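Encoded as structure tokens, the structure appears first; notes follow it.
Chains as they are written, first to last, in this note's numbering: chain A, 1 to 125; chain B, 126 to 1081.
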């Protein structure tokens, strides 16, 4: 076993769990699935700079080599953007649940829910 | 520069009419006219140079890698066309001022018209065929708007749609053809393509290129079998018909053939396709025109016929035919535009343009009638008018053109075409204007205002002048034809009398025969009615209908409305592609020395695997899933820390906190349990997909990590301190080397936050609000705002802010920076919401989160723009050393300003998202608001009043 193996298998596990959860029929598991996929993707991108210990990319007179800073910079923004994406789909899921009363990700059921609601809305008006 | 300005002036002018219409119709029309006039005058200043034989050109690089240049040139042909477009455009603007009704939105009309005009001028003056294609598509689009101008009329909408479908479809073919042409010639510059005709004609790709280009040209110029859209486009207002469908747009196809003549013409394939299409169009168009009762439809088909004539002449491929074509383009524009305008005047005055209800207008509107009769006679090819001259040149050329080995075929058919055109011209002129005055016009006609017949008169002058003194048109024709041919012309003279040539006899036959046909109209009409008449519109509609039906079926079948189906298909597709690549290439571990494991790493790994597995198995319990997800997030940040990425570890852990709070908030409103899908099969299937995907990614990651690599990062490391002024290479990369990326990122983040705001802002009404109200029965702890939490978070707030400031300031040199500092500040504030409640925190928020996002992006943008002041590109950073008395010397980088922008945007985005969810949440809070310490009671009046949420609910 090597560190490389540990990280690779962790990335693979996160991907598999993420894919499985993304394929569920309710919004919350899908959100969790996407979050897991984000972890996997970020780690994967990060791993493209190879694994290096104790050589952070911070210029220091005593340091001779550094790890690759570029994947890190890319992943840093990716983490923040993943947050933005997660927040957006969470709110989408929330709003659609509040509107339709269902957290199913299939369109047909949601439409039926919406129809019932809109009829109710007209009645109350 | 001047050439670009000529093209851009109409586009600039297009901005104004919609606004200037408020100052009245005259102001609106004058302004539109002024821009056109300015462009025309500028164009005419190029005349001396062009007539000296020069070719003024101007260009700048645009997208050099794809061969796109912003490149213009003007030679005889371009000048002739551009002048035609702008000159007639000017007259049309005048005419339309009086033609359009008070109820018609005139500003919009002139805007469309100027857009179209600019696009046409662009086609005429483009030196780069890619740019020409852009203008070409613009003419299709703007003509769509113009044809559909009377959008309340179904015919107008249908006609516009048909025109767009046909010319737009042809435009797509043209794009393909032009790209091939550019590939063959090795350049997209027209001047270079035209010089490489021999290479092009010898290329094996010549055939496909020619066919595609001809499809573009034929659809635009309404050549058979694409002629059917033009008559339907007559639903447009008459100024549009006169402009687009007589003088300019339909001639774009002819122009294109003329323009590319040196590059494409002269082969057998060219001769056969172009000549045949032109010949058939000329005869079919003329034949249909004879029997049309609508004046505009008659003229439309006559235009189709004349376009066929021009195309046929270009198809002949001889310089003399090119001369005849150039001359006929000029003549046709001068007689056809007045005829359209006269038809419009008749319609305007008599309220009908049905030929069967007209007649005798000569007496009632003598000015219009005289002008129209002259123009119609020219169209018929009566001597002493310009139409006669070019038609005779056409007949002359036809008389010695052999087609497929038969010498008589082309001359005979050309004479037939001329004969038919005499017949429809006679019907147009005589049935409308001559004969007895009637008393049953829908409206009593008389001559229109001066402004309406003046444009007609202006154009009829050259009809007569050129007809009498052909020599005055000679310089124009020579220049234009020279440009078409791209070389020296044979000796020729435009003259009335060429002697007893075959063409003269053909002319005489045509005139006599046409007159006879006109006399025998009824007999001819019954002959026509006995022939099968394929209705092009019905065929077109049926084709479109079938296509729509097919695509609807396809959409219904493929668009199941199930996220599971889409996600499944996407993932399976990606995995399949990955698998194919996997088996196609060598794989396995590389030679890089593996890194030894340590115990903490193994433990963390085991926890991560266990958490992931537990999520999959126990995801029915949502809270547990969420907790396990956070565990994974923590381990991921530890992994970053382990492998020399302190910045990432800091970012990950702060994002983790924010995300968990966010999901907790959402989960409070969502169902707490996930209903699992029934059936083991579904789970096994998804599990199999997931397993393959996971194994694949793990395999790739392992294969990559065990191999050595080269990187471009040496540059970043070397330049970080001297170039970027910071020692934290990751931060310098974010704010300096790849600052533009980061700028984009924060904009995306801001947009996401604003979208969240929009999604939830109106969630407190309607169905969502009722559902929120219904939720107010959840169990809740007695102490919603525990005192310890309240006190602790308030004490922590200044500390957290100090830490954030520290992290921010050191970010350029040590782990930290705007992203992380922003997240920390956001968390500190969110903690206040959690501890003390939404109302408490929102009341005390001094800064608007939306304003913060905006300010952040503006600050970052301004820092970038600041570089312009020093003549450097956007986002170039600089730094210097500042000496302060107490602090000592420290470094100040302009990137700090940029990082401030990042910081503000992150704080704003996170705050906006979370606060907005809390606001919705509050709606569902149980009533009444708990008595507990919402706030520490310092003074009695600071006690929060019970929020009147109950009354809000009752109001719904």
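Glycine residues also receive a C-beta, built at the ideal position from the N, C-alpha and C atoms.
Only a predicted model underlies this, so the values are computations on that prediction, with no experimental measurement involved.
- The bridge partners DSSP lists for residue 58(A) are 853(B).
- With respect to the 9 Å criterion, residue 940(B) and residue 855(B) are classified as neighbours on the basis of their beta carbons.
- Chain-order list of chain A residues neighbouring residue 678(B): empty, with the shortest C-beta distance near 18 Å, by a criterion of under 9 Å.
- If you draw a straight line from the Cα of residue 433(B) to the Cα of residue 293(B), it is about 20 Å long.
- In this structure, the straight-line span from the alpha carbon of residue 261(B) to that of residue 989(B) is close to 37 Å.
- Residue nearest to residue 1029(B) within the set 944(B), 737(B), 295(B) is 944(B) (criterion: CA-CA distance).
- When DSSP reads this structure, residue 1019(B) sits in no beta bridge, so it has no partner.
- Across the structure, residue 7(A) and residue 730(B) are spaced so that their CA atoms are roughly 8 Å apart.
- Within chain A, the C-beta atoms nearer than 7 Å to that of residue 777(B) come from 79, in chain order.
- Residue pairing for residue 194(B): DSSP places it in a beta bridge opposite 186(B).
- Excluding the 5 residues flanking it on each side, residue 137(B) has same chain C-beta neighbours closer than 7 Å at 160, in chain order.
- Per DSSP, the beta-bridge partners of residue 104(A) are 26(A).
- Within the same chain, and ignoring the five residues on either side of residue 90(A) in sequence, the residues whose Cβ sits closer than 7 Å to its Cβ are 31.
- Residue-level contact check: residue 348(B) does not touch chain A, since none of the beta carbons of chain A fall below 9 Å from its beta carbon.
- Secondary structure at residue 723(B): coil, using DSSP grouped into helix, strand and coil.
- Nearest to residue 178(B) by alpha-carbon distance, out of 158(B), 204(B), 162(B), is 204(B).
- If you check the CB distance, residue 409(B) and residue 429(B) come in under 9 Å.
- One thing to note: residue 384(B) has its Cβ within 9 Å of the Cβ of residue 202(B).
- Under the three-state reduction of DSSP, residue 715(B) is assigned to coil, being neither helix nor strand.
- Of the candidates 1002(B), 298(B), 797(B), 1002(B) places its Cα closest to the Cα of residue 848(B).
- By the CB criterion at 9 Å, residue 370(B) and residue 360(B) fall outside the cutoff.
- Residue 758(B) has a beta carbon lying within less than 9 Å of a beta carbon in chain A.
- For residue 62(A), no CB of chain B lies under 9 Å from its own CB, so it is not counted at the interface with that chain.
- Put simply, the CB of residue 878(B) is near chain A, with a gap under 9 Å to one of its CB atoms.
- For the segment 571-640 of chain B, there is no continuous beta strand (DSSP E) assignment of 3+ residues that stays within its boundaries.
- Rounded to the nearest angstrom, the gap between the Cα atoms of residue 363(B) and residue 993(B) is 51 Å.
- With respect to chain A, the C-beta atom of residue 681(B) has no partner C-beta closer than 9 Å.
- Per DSSP, residue 329(B) lies in no alpha helix (DSSP H) and is assigned neither H nor E.
- In this structure, residue 689(B) and residue 94(A) do not form a Cβ contact; the two beta carbons are roughly 20 Å apart against a cut-off of 8 Å.
- In the DSSP annotation of this structure, the continuous segment of the alpha helix (DSSP H) that includes residue 780(B) starts and ends at 771-794.
- Scanning its chain for C-beta atoms nearer than 6 Å, with the 5 sequence neighbours on each side dropped, one finds around residue 636(B) the residues 547, in chain order.
- The beta carbon of residue 65(A) lies closer than 7 Å to those of 55 in the same chain, with the five residues before and after it left out.
- Inter-residue distance for residue 754(B) and residue 736(B) is about 7 Å (C-alpha atoms, whole angstroms).
- For residue 705(B), the enclosing alpha helix (DSSP H) stretches over residues 688-709.
- Comparing alpha carbon positions, the residue from 349(B), 862(B), 719(B), 238(B) closest to residue 837(B) is 862(B).
- Assigned with DSSP and collapsed to three states, residue 313(B) falls in coil, not helix or strand.
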